[in-house]
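Going by the working numbering, the sequence shown opens with residue 9, and the numbers climb by one from there.
Each residue gets a CB set at the ideal place from its N, CA and C atoms; glycine is no exception.
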Amino acid sequence: MEVVQFLYQQRELARRGANYAVDDFGFDPQWTESFIGAFKALYRDYWRVETTGVEHVPASGRALLVANHAGVLPWDGTMIKTAVFSEHPHPRHVRALVASQFMGMPVMSWFLRRTGQAVGHPDDTRRLLERDELVLVFPEGTRGTGKSFKDRYRLRRF
9 MEVVQFLYQQ RELARRGANY AVDDFGFDPQ WTESFIGAFK ALYRDYWRVE TTGVEHVPAS
69 GRALLVANHA GVLPWDGTMI KTAVFSEHPH PRHVRALVAS QFMGMPVMSW FLRRTGQAVG
129 HPDDTRRLLE RDELVLVFPE GTRGTGKSFK DRYRLRRF
């Protein structure tokens, strides 16, 4: 049933036409929220994520979340965003910083920007924090994606 609801939401969002607002990074909160159901299913049923400490994330104002990056695909960041949006007493969007090379890929860049990500550059980070956003960073960057299984919980030098 979640799939049907998701498809219905996508149809309704598509009907907005040009009548939608994005910020100067290209973020569309309403469109992003249409994916929450699908991400919650992965969070809850596929990976069975257990979150502790989400209540320590500020309900408002700027904050920098720093996390260990594991795996080539950005599912860890997606699950952190899902946890804060769906388990926090005051849901808010997390704005993840991503490697600039991904912002050069046509479809990938559009999707990342539309869902609130920004280039992992000091200028973009500063702009987000000045706007009291909740910013997620993986300080290892892409170096953290190629770790062996035994090192998955260890940070690489950064």
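Given 8 Å as the limit, is there contact between the segment 42-50 and the segment 90-99, that is, 3 or more CB pairs closer than that?
They touch, by the three-pair rule.
Have a look at K89 and R23 and give me their C-alpha separation to the nearest angstrom.
Within the sequence shown, residue 89 is the residue found at index 81, counting from 1. Within the sequence shown, residue 23 is the residue found at index 15, counting from 1. Roughly 26 Å between the two C-alpha positions.
With L105 as the anchor, note down where its beta strand (DSSP E) starts and where it stops.
Indexing the sequence shown from 1 puts residue 105 at position 97. Start and end: 102-106.
Let's see if you can read the secondary structure: which residues bound the beta strand (DSSP E) around V145?
In the sequence shown, the residue the question calls residue 145 occupies position 137. Start and end: 142-145.
Who does A71 pair with in a DSSP beta bridge?
The residue labelled residue 71 in the question sits at position 63 within the sequence shown. Paired residue(s): L142.
Taking buried to mean at least 16 other C-beta atoms within 10 Å of its own C-beta, is Q109 buried or exposed?
The residue you call residue 109 lines up with position 101 of the sequence shown. Q109 should be labelled exposed.
According to DSSP, is V62 helix, strand or coil?
Here residue 62 refers to the residue found at position 54 when the sequence shown is read from its first residue. If DSSP states are grouped into helix, strand and coil, V62 belongs with the helices.
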